Amino acid sequence: MRHDPLWVNQAIRKIEADFQRSADTHLIKLDIPAIEGIDLYLKDESTHPTGSLKHRLARSLFLYSLCNGWIGEHTTIIESSSGSTAVSEAYFARLLGLPFIAVVPRRTARKKIEQIEFYGGQAHFVDEPCQIYDESRRLAEKLNGHYMDQFTYAERATDWRGNNNIANSIFEQMQLEAHPIPTWIVMSAGTGGTSATIGRYIRYQMHGTQLCVVDPEHSVFHDYYLTRDPALKGERGSRIEGIGRPRVEPSFIPDVVDEMRTIPDAASIATVHWLEKLLGRKAGASTGTNLYGVLQLASDMKARGEQGSIVTLLCDSGERYLDTYFDTDWVATNIGDIQPYLDQLAAFEQTGQLS
Ligand SMILES: Cc1ncc(COP(=O)(O)O)c(C=O)c1O
Numbered sequence: 225m226r227h228d229p230l231w232v233n234q235a236i237r238k239i240e241a242d243f244q245r246s247a248d249t250h251l252i253k254l255d256i257p258a259i260e261g262i263d264l265y266l267k268d269e270s271t272h273p274t275g276s277l278k279h280r281l282a283r284s285l286f287l288y289s290l291c292n293g294w295i296g297e298h299t300t301i302i303e304s305s306s307g308s309t310a311v312s313e314a315y316f317a318r319l320l321g322l323p324f325i326a327v328v329p330r331r332t333a334r335k336k337i338e339q340i341e342f343y344g345g346q347a348h349f350v351d352e353p354c355q356i357y358d359e360s361r362r363l364a365e366k367l368n369g370h371y372m373d374q375f376t377y378a379e380r381a382t383d384w385r386g387n388n389n390i391a392n393s394i395f396e397q398m399q400l401e402a403h404p405i406p407t408w409i410v411m412s413a414g415t416g417g418t419s420a421t422i423g424r425y426i427r428y429q430m431h432g433t434q435l436c437v438v439d440p441e442h443s444v445f446h447d448y449y450l451t452r453d454p455a456l457k458g459e460r461g462s463r464i465e466g467i468g469r470p471r472v473e474p475s476f477i478p479d480v481v482d483e484m485r486t487i488p489d490a491a492s493i494a495t496v497h498w499l500e501k502l503l504g505r506k507a508g509a510s511t512g513t514n515l516y517g518v519l520q521l522a523s524d525m526k527a528r529g530e531q532g533s534i535v536t537l538l539c540d541s542g543e544r545y546l547d548t549y550f551d552t553d554w555v556a557t558n559i560g561d562i563q564p565y566l567d568q569l570a571a572f573e574q575t576g577q578l579s
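Residue numbering for the sequence shown follows the numbering used here, beginning at 225 and increasing consecutively.
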């Protein structure tokens with residue numbers, strides 16, 4: 225169906241004007257004297273208007289869909305999401321005056337549902353995380369709407385060559401640092417779109433940086449990286465919101481990844497609690513997964529007597545998860561004992577070794 229080109233032009237202009245009014249996100253340097261000569265950085269994606277790295281993806285998916293002729297003045301937008309992408313897409317749908325429905329697992333953080341609704345979106349619940357895809361497709365057909373399908377299109381909607389993508393921004397912000405070309409960039413995967421963008425950009429710019437993707441428990445990405453079996457299925461959803469999937473998502477591109485590591489969920493949660501003391505701010509659990517992977521790599525570098533820099537992402541704020549990852553009872557019931565990892569992190573601060 226051909227949509228009114230005037231409306232499409234105006235919609236693209238509104239998104240570009242919104243971008244023009246936006247600032248880039250900060251690159252925060254962590255201060256850990258025990259690993260002197262190994263500099264760690266967090267790209268703080270929580271400061272986007274909709275609070276997570278998914279603001280970038282939502283902008284890209286809307287532009288991609290508009291330019292493909294998939295969205296018009298009367299299109300209902302539907303998305304399958306664990307929450308963050310839906311919050312950001314609800315923001316852009318409202319900017320364009322379009323109805324938005326997010327198909328989300330029932331146990332998605334309440335704060336995220338409130339934010340989807342704050343931006344005028346509607347949450348449509350399914351019991352199991354694996355049901356989000358079929359239900360989104362069914363709704364899109366029924367309502368004659370457009371299913372954004374982040375898990376398929378994330379990797380191709382972003383311009384990985386440059387043009388203000390996250391990788392480009394990281395390398396520009398690193399320019400005046402002691403080790404401007406990171407030894408490692410560490411990222412977790414939800415759609416896999418961010419790791420695909422970073423991995424491709426590193427190759428295109430011919431940098432020596434290695435990309436490490438960290439995966440939580442109950443995710444199939446790491447097994448897929450090792451076996452390349454696209455039919456792998458997980459028994460249950462990830463406990464780390466936003467990352468780790470029970471099926472191999474089309475947007476996850478394994479061949480741009482240099483190394484994968486599985487991070488225990490208790491380590492991810494312990495790491496965000498440890499980071500809060502260092503930073504004075506709470507981060508979401510996927511940031512804990514990222515940072516624990518960074519600390520493992522830094523510890524290995526120190527043991528080998530190497531110097532350099534490692535960059536990762538602060539994906540979203542922990543304020544979204546006060547009743548889960550920052551609630552002691554919830555953590556004890558749903559994750560287990562995180563004390564051994566808190567002890568390990570306290571020792572790391574003294575020795576620079578994570579053992
Ligand atoms: C909080 C959070 N962290 C990390 C990610 C992973 O990003 P990507 O989808 O680009 O792999 C997501 C994706 O939804 C997320 O919501």
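Glycine is no exception: its CB is placed at the ideal position from the N, C-alpha and C atoms.
Given the structure is predicted, the values throughout are model-derived calculations rather than measurements.
Burial state of residue i, where buried means 16 or more other Cβ atoms lie within 10 Å
{"i": "Y428", "result": "exposed"}
{"i": "T511", "result": "buried"}
{"i": "T300", "result": "buried"}
{"i": "E338", "result": "exposed"}
{"i": "Q520", "result": "buried"}
{"i": "T274", "result": "buried"}
{"i": "N392", "result": "buried"}
{"i": "C539", "result": "buried"}
{"i": "L322", "result": "buried"}
{"i": "L398", "result": "Checking the sequence, you will find Met at residue 398 rather than Leu. That one is buried."}
{"i": "N389", "result": "buried"}
{"i": "D482", "result": "exposed"}
{"i": "R283", "result": "buried"}
{"i": "F550", "result": "buried"}
{"i": "P404", "result": "exposed"}
{"i": "P329", "result": "buried"}
{"i": "G508", "result": "buried"}
{"i": "M225", "result": "exposed"}
{"i": "F445", "result": "buried"}
{"i": "F210", "result": "Lying outside 225 to 579, the shown extent of the chain, residue 210 is not represented and no answer is given."}
{"i": "E530", "result": "exposed"}
{"i": "A413", "result": "buried"}
{"i": "F342", "result": "exposed"}
Distance between residue j and residue i (C-alpha atoms, nearest Å)
{"i": "L502", "j": "S443", "result": "29 Å"}
{"i": "G532", "j": "I262", "result": "5 Å"}
{"i": "S270", "j": "P229", "result": "34 Å"}
{"i": "I340", "j": "K526", "result": "43 Å"}
{"i": "R280", "j": "T249", "result": "11 Å"}
{"i": "A333", "j": "T548", "result": "8 Å"}
{"i": "D489", "j": "H431", "result": "31 Å"}
{"i": "Q434", "j": "I409", "result": "6 Å"}
{"i": "E352", "j": "R245", "result": "38 Å"}
{"i": "G216", "j": "G423", "result": "The structure shown does not extend to residue 216, since the chain is modelled only from 225 through 579, so no value can be given for it."}
{"i": "V350", "j": "H497", "result": "30 Å"}
{"i": "I256", "j": "H227", "result": "54 Å"}
{"i": "L254", "j": "G466", "result": "24 Å"}
{"i": "A317", "j": "G417", "result": "21 Å"}
{"i": "K285", "j": "L320", "result": "The amino acid at residue 285 is misidentified as Lys; the sequence shows Leu. Their Cα atoms are separated by approximately 13 Å."}
{"i": "F476", "j": "F395", "result": "22 Å"}
{"i": "Q374", "j": "S304", "result": "7 Å"}
{"i": "Y288", "j": "V438", "result": "28 Å"}
{"i": "K506", "j": "T536", "result": "16 Å"}
{"i": "T516", "j": "R452", "result": "Reading the sequence as shown, one finds Tyr at residue 516 and not Thr. Using only the alpha carbons, I get a separation of about 25 Å."}
{"i": "R331", "j": "P470", "result": "15 Å"}
{"i": "L400", "j": "E260", "result": "18 Å"}
{"i": "V311", "j": "E240", "result": "19 Å"}
{"i": "D358", "j": "K238", "result": "31 Å"}
{"i": "D268", "j": "L251", "result": "6 Å"}
{"i": "S276", "j": "I302", "result": "19 Å"}
{"i": "I295", "j": "H272", "result": "24 Å"}
{"i": "R362", "j": "I534", "result": "43 Å"}
Contact set for residue i: own chain, Cβ-Cβ below 6 Å, skip 5 residues either direction
{"i": "L566", "result": "A494"}
{"i": "Q234", "result": "none"}
{"i": "L578", "result": "L519, Q520, S523, F572"}
{"i": "L290", "result": "V232, A235, I236"}
{"i": "L367", "result": "T300"}
{"i": "K278", "result": "S308, T309, S312"}
Residues bridged to residue i [DSSP beta-bridge criterion]
{"i": "G532", "result": "I262"}
{"i": "E500", "result": "According to DSSP, E500 bridges with nothing at all."}
{"i": "V438", "result": "S412, R485"}
{"i": "I325", "result": "I302, Q346"}
{"i": "I252", "result": "L266"}
{"i": "A507", "result": "S541"}
{"i": "S276", "result": "D540"}
{"i": "R471", "result": "K457"}
Residue i: CB within 7 Å of a non-hydrogen atom of ligand 3
{"i": "E465", "result": "By its list of ligands, the structure shown excludes ligand 3, since it contains just ligand 1."}
Beta-carbon contacts of residue i that lie in its chain and below 7 Å, excluding the five residues immediately before and after
{"i": "E473", "result": "F375, T415, G416"}
Same chain, Cβ closer than 8 Å to residue i, five either side skipped, listed in chain order
{"i": "T421", "result": "E379, T382, W384, N389, I390, A391"}
Which parts of the stretch 437 to 466 are runs of the alpha helix (DSSP H), unbroken and 4 residues or longer, counting only runs that do not cross its ends?
445 to 451
(request) Run through the stretch 337 to 425 for me and flag every whole beta strand (DSSP E) of 3 or more residues, listed as ranges in chain order. (result) 346 to 350, 408 to 412
_Every unbroken alpha helix (DSSP H) inside the stretch 547 to 572 [4 residues or more]_ = 552 to 558
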